Amino acid sequence: MATTRTGPSYRAHDASGGTLRISLLVMMLTVVGLLGAGCSQISAQMDGETVTSAPTESPAQPILVTRDWGVVDGMLSVVVMNTTDRTLHSADAVITARDENDVLVATSLESPEGGCCPVVDLPPGQQFGFYLDVGDSASDITHVDVAYRNVAWAAADAVTENPLRAHPVRLESDAGETVVVADVQSTAAMVPQASVQAFLTGPGGELVAVVAGRWFCFSEGHHEIRMQLLHAVPSGTTINRIVIRPVTNDPDGTPLHCAGPAETG
10 MATTRTGPSY
20 RAHDASGGTL
30 RISLLVMMLT
40 VVGLLGAGCS
50 QISAQMDGET
60 VTSAPTESPA
70 QPILVTRDWG
80 VVDGMLSVVV
90 MNTTDRTLHS
100 ADAVITARDE
110 NDVLVATSLE
120 SPEGGCCPVV
130 DLPPGQQFGF
140 YLDVGDSASD
150 ITHVDVAYRN
160 VAWAAADAVT
170 ENPLRAHPVR
180 LESDAGETVV
190 VADVQSTAAM
200 VPQASVQAFL
210 TGPGGELVAV
220 VAGRWFCFSE
230 GHHEIRMQLL
240 HAVPSGTTIN
250 RIVIRPVTND
260 PDGTPLHCAG
270 PAETG
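Have a look at this one:
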């Protein structure tokens, strides 16, 4: 972007031709100054220095902010948050996990399950959890990065009241799997589709795992649901919270015909 600088004009009245001479002198000094700056940069580059200019734009803000991550039984869980003032209509997350030497341990692009990791209809201030099966090398992970593609934002006035509430009932766990039992209450006549996520934490408050699922056909009233995680969790793990929200953007595009009680997807 070009920048135009303006300044005061100077005019001399004490002798004939004074204005021209002063103008020529100013022009010569300006040219010398520019040549000196150019020579200074060339000299610095020849000496091996790096010459940079100050940035003119602030760096882009992340789509979602990563708040926490944890590993249990070979599974990586990541919690992100929408810190903007708009609802994220849809996006696909790309999770990358590395070890202490910055060597790649796992990426969601190579997930055998496929379809990892979409997020839809995430309101401002709300969190969302991803999970990725890594295997034995999950214990080597020391840092996690999350990038996003196919990002679409909802209109500024698209936020609506959530008619669903969920409360933990109990946590069932044995050697091979974990089940979160939750009570869901709906104040709407029918919610065709909802995203349900349970966040499990350890005795010290650290993230253990995210248990997530898509559920359908919540009629008005109470519903008990069972959310299954095919991994064992350590003793002392508790249900920190359960988040439930209606989903209006179905990535699968499957028509829904709600004729009965809530069911898992």
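All residue numbers for the sequence shown refer to the working numbering, where the first residue is 10 and numbers rise by one.
Every residue gets a Cβ at the ideal spot worked out from N, C-alpha and C, and that includes glycine.
All values reported here derive from a predicted model rather than from experimental measurement.
### Task
Determine the extent of the beta strand (DSSP E) in which Ser204 is found, giving its start and end residues.
187-210
### Assigned exposure category for Gln202 - 16 Cβ within 10 Å defines buried
buried
### Query
Is Ser244 helix, strand or coil when you go by DSSP?
coil
### Query
Looking only at its own chain, which residues have a Cβ that is under 8 Å from the Cβ of Val256, when we skip the five neighbours before and after it?
Excluding positions up to five away in sequence, the list reads Val129, Asp130, Gln202, Ala203, Ser204, Arg223.
### N-terminal and C-terminal residue of the beta strand (DSSP E) that Val220 is part of
216-238
### Message
Using only the alpha-carbon positions, how far apart do Asp108 and Asp94 sit?
### Response
34 Å
### Distance CB(Ala191)-CB(Ile150) smaller than 8 Å
no
### Task
Might you give, ordered along the chain, the residues of its own chain that have their beta carbon closer than 6 Å to the beta carbon of Gln136, omitting 5 neighbours on each side?
If you ignore the 5 residues before and after Gln136, its C-beta comes within less than 6 Å of the C-beta of Val88, Met90, all in its own chain and listed in chain order.
### Message
Rounded to the nearest angstrom, what separates Val153 and Ala184 at their Cα positions?
### Response
28 Å
### Message
Suppose the cutoff is 6 Å on Cβ atoms and the five residues either side in sequence are ignored; what does the same chain contact list for Arg254 look like?
### Response
Asn171, Ser204
### Query
Who are the Cβ neighbours of Cys267 in its own chain at under 6 Å, not counting the five residues just before and after it?
Met199, Pro201, Cys226
### Query
Should Thr187 and Ala241 be called a contact, given that it needs their Cβ atoms to be closer than 8 Å?
Result yes, Cβ atoms of Thr187 and Ala241 sit closer than 8 Å.
### Query
Which of the three DSSP states, helix, strand or coil, is assigned to Ala164?
coil
### Query
Which residue's Cα is closest to the Cα of Pro132: Ala164, Ser146, Ala115?
Ala164
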